[in-house]
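Undergrad: Handing you this structure, nothing more for now.
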Amino acid sequence: MKTGIIIPCYNEENRLNVNAFINFIKEENDYHLCFVNDGSKDNTIDVLMKIQAVDTKKVSVIDIKKNSGKAAAVRAGARYLHSRSDIKFIGFIDADLSTDFEDFNGLLKTLKTNKELSFVFGSRAKNASDMIRKNGVRAMISKAINILIVFILGLSIHDTQCGAKVFKADLVPVIFNQNFFSRWLFDVEMFIKMKRHFGKAEIMNKIYEQPLQRWVHMEDSKLGIKDALEIPYRLVSIWFNYNILQNLNFT
85 MKTGIIIPCY NEENRLNVNA FINFIKEEND YHLCFVNDGS KDNTIDVLMK
135 IQAVDTKKVS VIDIKKNSGK AAAVRAGARY LHSRSDIKFI GFIDADLSTD
185 FEDFNGLLKT LKTNKELSFV FGSRAKNASD MIRKNGVRAM ISKAINILIV
235 FILGLSIHDT QCGAKVFKAD LVPVIFNQNF FSRWLFDVEM FIKMKRHFGK
285 AEIMNKIYEQ PLQRWVHMED SKLGIKDALE IPYRLVSIWF NYNILQNLNF
335 T
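Each residue of the sequence shown is one higher than the last, beginning at 85 in our numbering.
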């Protein structure tokens, strides 16, 4: 059985480390890479097809024609991988490899070793390594945002937004059964859905936040400072949708 890795891509033509992905494909036989082109306006799809051509059995490419956001891209990849009979674990990483394959392997090892766990995610905040490098302004904004996220979730999590996560494939119907409300803050929604599924008393036994050894902020990030300043409003919208609107729909 293999582990599927989703790599959401939007205008990544000049940021994709093609050689790193090709080397990984050639060296590893227990993984299947699933690139999702999220309506890129550049030649990202051509780069992805070049990577896939190295070994079509180890690489899939999903081409979403209209840009729909990272949430939709990850959801498309997860649902595709879940439909395959050879995939037992599913995860995702950022296309710029800000979290590298070595750290992802560490997350997967933890998930496989601890049978109680269903979901393991990287953390740039919990016991942070000296190799975790963030832009200073972003670091301050992240800390403020995380306080609000912890309040909304009611869970002691240091970093929900890290782009490296891995989980058992049987969680796909729980997490990805419906569209996400947010294009970018879907990670928060993932935890909300798992909390409802496992229950507040049990969820912390099912998830594990693992410190990363390395993470580097890439300056060409798609999420700008303006977007970051809008995050509190978007988080409140998520809280409202899950705690007010959905409860009204059930009554």
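All C-beta atoms, glycine included, are put in the ideal place defined by N, C-alpha and C.
Note that the coordinates shown come from a computational prediction; the quantities given were computed from them, not determined experimentally.
Which residue wins for smallest C-alpha separation from I90, given the options V120, E96 and N98?
TA: V120
Undergrad: Mind checking I177: buried by the 16 CB within 10 Å criterion, or exposed?
TA: buried
Undergrad: What are the boundary residues of the beta strand (DSSP E) that T345 is part of?
TA: Because the chain spans 85 through 335 in this model, residue 345 falls outside it and cannot be assessed.
Undergrad: Does DSSP put K150 in a helix, in a strand, or in coil?
TA: coil
Undergrad: Assuming contact is defined by CB atoms lying nearer than 8 Å, are D243 and S207 in contact in what I supplied?
TA: yes
Undergrad: For E293, write down the residues that DSSP places opposite it in a beta bridge.
TA: F205
Undergrad: Taking the alpha-carbon positions, what's the M278 to R298 distance?
TA: 27 Å
Undergrad: In three-state DSSP terms, what is D139?
TA: coil
Undergrad: Just list the residues that DSSP pairs L117 with in beta bridges.
TA: Beta-bridge pairing by DSSP links L117 to I89 and V143.
Undergrad: Are any of the Cβ atoms in chain B nearer than 8 Å to that of Q245?
TA: You won't find chain B in this structure, because it holds only one protein chain.
Undergrad: Taking the alpha helix (DSSP H) that K199 falls in, what are its first and last residues?
TA: Here K199 belongs to no alpha helix (DSSP H), and DSSP marks it neither H nor E.
Undergrad: In the DSSP assignment, find the unbroken beta strand (DSSP E) run with F251 in it and report its ends.
TA: K249 to K252
Undergrad: Rounding to the nearest angstrom, what Cα-Cα distance links P339 and R267 in this structure?
TA: Look at the range of the chain in this structure, 85 to 335, and you will see that residue 339 is not part of it.
Undergrad: Does the beta-carbon of R159 have 16 or more other beta-carbons within 10 angstroms, so that it is buried, or is it exposed?
TA: The residue in question, R159, is buried, as its Cβ has 16 or more Cβ neighbours within 10 Å.
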